[in-house]
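Numbering of the sequence shown is given in full-length UniProt numbering, commencing with residue 1 and proceeding in unit increments.
Below is one structure, written out as C-alpha cells; comments come after it.
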Amino acid sequence: MNNQLFTYGKNSLRKLNSEKRQLQTIFFPNKWNFHYFFNMMKECQQFIIACISEIDHSWIIKLLVLLANGGRKIYLIMDCKDNQKNDEFFQALICELLIESQFKIKIVVNTKKYESLPTNFCVIDGKILITTSANWTINSFNKTHGWMMIDKKYDNIIEMIEIFEQMWSQFKFVTFINEDMALLDNEDSQFQPIFTYSQNCVLNKL
Numbered sequence: 001m002n003n004q005l006f007t008y009g010k011n012s013l014r015k016l017n018s019e020k021r022q023l024q025t026i027f028f029p030n031k032w033n034f035h036y037f038f039n040m041m042k043e044c045q046q047f048i049i050a051c052i053s054e055i056d057h058s059w060i061i062k063l064l065v066l067l068a069n070g071g072r073k074i075y076l077i078m079d080c081k082d083n084q085k086n087d088e089f090f091q092a093l094i095c096e097l098l099i100e101s102q103f104k105i106k107i108v109v110n111t112k113k114y115e116s117l118p119t120n121f122c123v124i125d126g127k128i129l130i131t132t133s134a135n136w137t138i139n140s141f142n143k144t145h146g147w148m149m150i151d152k153k154y155d156n157i158i159e160m161i162e163i164f165e166q167m168w169s170q171f172k173f174v175t176f177i178n179e180d181m182a183l184l185d186n187e188d189s190q191f192q193p194i195f196t197y198s199q200n201c202v203l204n205k206l
C-alpha cells in the first residue's frame, strides 16, 4: 500500500511539474521580465500573430519590422476607434509598421464603435501563447502594474489561433491608396487562412 501511494505521489508530482513548465506568469513593471518577453519574440522563426489594442514601444516596433524583413510573417489586429482615425500618432505608427516592413507586416483594425478587442494576446511560431493585461506600450511595461501569462499547451495555442483567424475576417484591412491610409473590407485584402494544423506543430501556409 505504501509503495502504491508513493508511486501515485511521484506521478502526481511529475504531472504537476510538467504543467508548471507549460504555464508561467510574470509581472510588470519589471525590466528583466520585459527583456524575457522581448527575447521570446526576438527568437521567432516563422510567424507572430498578435491582437494588441495599442503599440508605441519603439523596441517592439523595430523588432516587428526587423522580423518581417527577415522573412517572418507578422499579422496584427489593432483598435482604431473614431478618435484614432485622424490621430497623427496612430497614423504615423501604422505608416512605420507598413512602410518600414515594405508592407510585409499585415494589419487589420477594429473600427466597431461599441466592440473592444479581447485581452491582448500573441502566438509565436505556434509554440508559445502569451496573454497579457499589458498593451505593447512603454507605460504598460514600465509604469503600470500588469501581468503576462506564457502558455505552451498545444490545445490552448490552437484555440487562440482559430479565434484570431475569426477576428481577422471581421475587421478592416489597412493599406495605402494614393499615399493615403485606407481601410478596406477584409474580403478585399486577398488574405488567405494563415495556418495548417498538425498534432505536433502549427505550420505557416504562406
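Note that the Cβ used here is the ideal one computed from N, Cα and C, for glycine as well.
State the DSSP-derived secondary structure class of residue i, mapped to helix, strand or coil.
i    : result
K42  : helix
K112 : coil
I52  : coil
N200 : Low confidence applies to N200: its pLDDT is 45, below 50, so where it sits in the model is not reliable enough to give any reading.
M1   : Per-residue confidence for M1 stands at a pLDDT of 46, beneath the threshold of 50, marking its modelled position as unreliable; the derived number appears in the next sentence. Three-state result, M1: coil.
F121 : strand
F28  : strand
L13  : Note that L13 has pLDDT 45, beneath the 50 cutoff, so the model's placement of it is unreliable and no number is given.
K47  : A quick correction: the sequence has Phe, not Lys, at residue 47. The answer is strand: DSSP assigns F47 an E or B state.
F171 : coil
K205 : Residue placement at K205 is flagged as unreliable, the pLDDT there being 49, under the threshold of 50; the coordinate-derived value follows with that caveat. The answer is coil: DSSP assigns K205 none of H, G, I, E or B.
K62  : helix
I158 : helix
F191 : Caution is warranted here: a pLDDT of 44 is assigned to F191, below 50, making its placement in the model unreliable, and the coordinate value is therefore given only provisionally. Coil at F191, not helix or strand.
I128 : strand
F163 : One point to set straight first is that residue 163 is Ile, not Phe, in the sequence displayed. Helix, per DSSP.
I105 : coil
Measure how close the beta-carbons of residue i and residue j come, nearest whole angstrom, since I'm counting them as under 8 Å.
i           : j    : result
I77         : M167 : 6 Å
R72         : Q102 : Between Q102 and R72 the Cβ distance is about 13 Å, and since that is not below 8 Å, they are no contact.
residue 238 : M149 : The requested residue 238 is not part of the displayed model; the chain covers only 1 to 206.
G126        : I105 : So it is not a contact: roughly 18 Å between Cβ atoms.
T137        : D56  : 5 Å
I107        : I48  : I107 to I48, Cβ: 12 Å. No contact.
A50         : C122 : 4 Å
Nearest by alpha-carbon distance to residue i: which of the options is it?
i           : options                : result
G146        : V174, E100, I163, N135 : N135
F164        : Y75, I26, Q22          : Y75
W111        : S169, D155, E162, C122 : Going by the sequence as given, residue 111 is Thr instead of Trp. The candidate whose alpha carbon is nearest that of T111 is S169.
residue 214 : L98, F34, E115         : Residue 214 is absent from the model: the chain starts at 1 and stops at 206.
C80         : I52, I26, C44          : I52
L63         : F89, L23, H35          : H35
G70         : C44, Q91, S58          : C44
E100        : S58, F38, T119         : S58
V174        : M40, F90, F37          : F90
N120        : N39, E54, F38, M40     : E54
Between residue i and residue j, is the Cβ-Cβ spacing less than 8 Å?
i    : j    : result
V109 : K172 : yes
L117 : D151 : no
E96  : I60  : no
K153 : Q24  : no
Answer yes if the stretch 123 to 142 comes into contact with the stretch 25 to 32, meaning at least three C-beta pairs across the two stretches below 8 Å, and no otherwise.
yes
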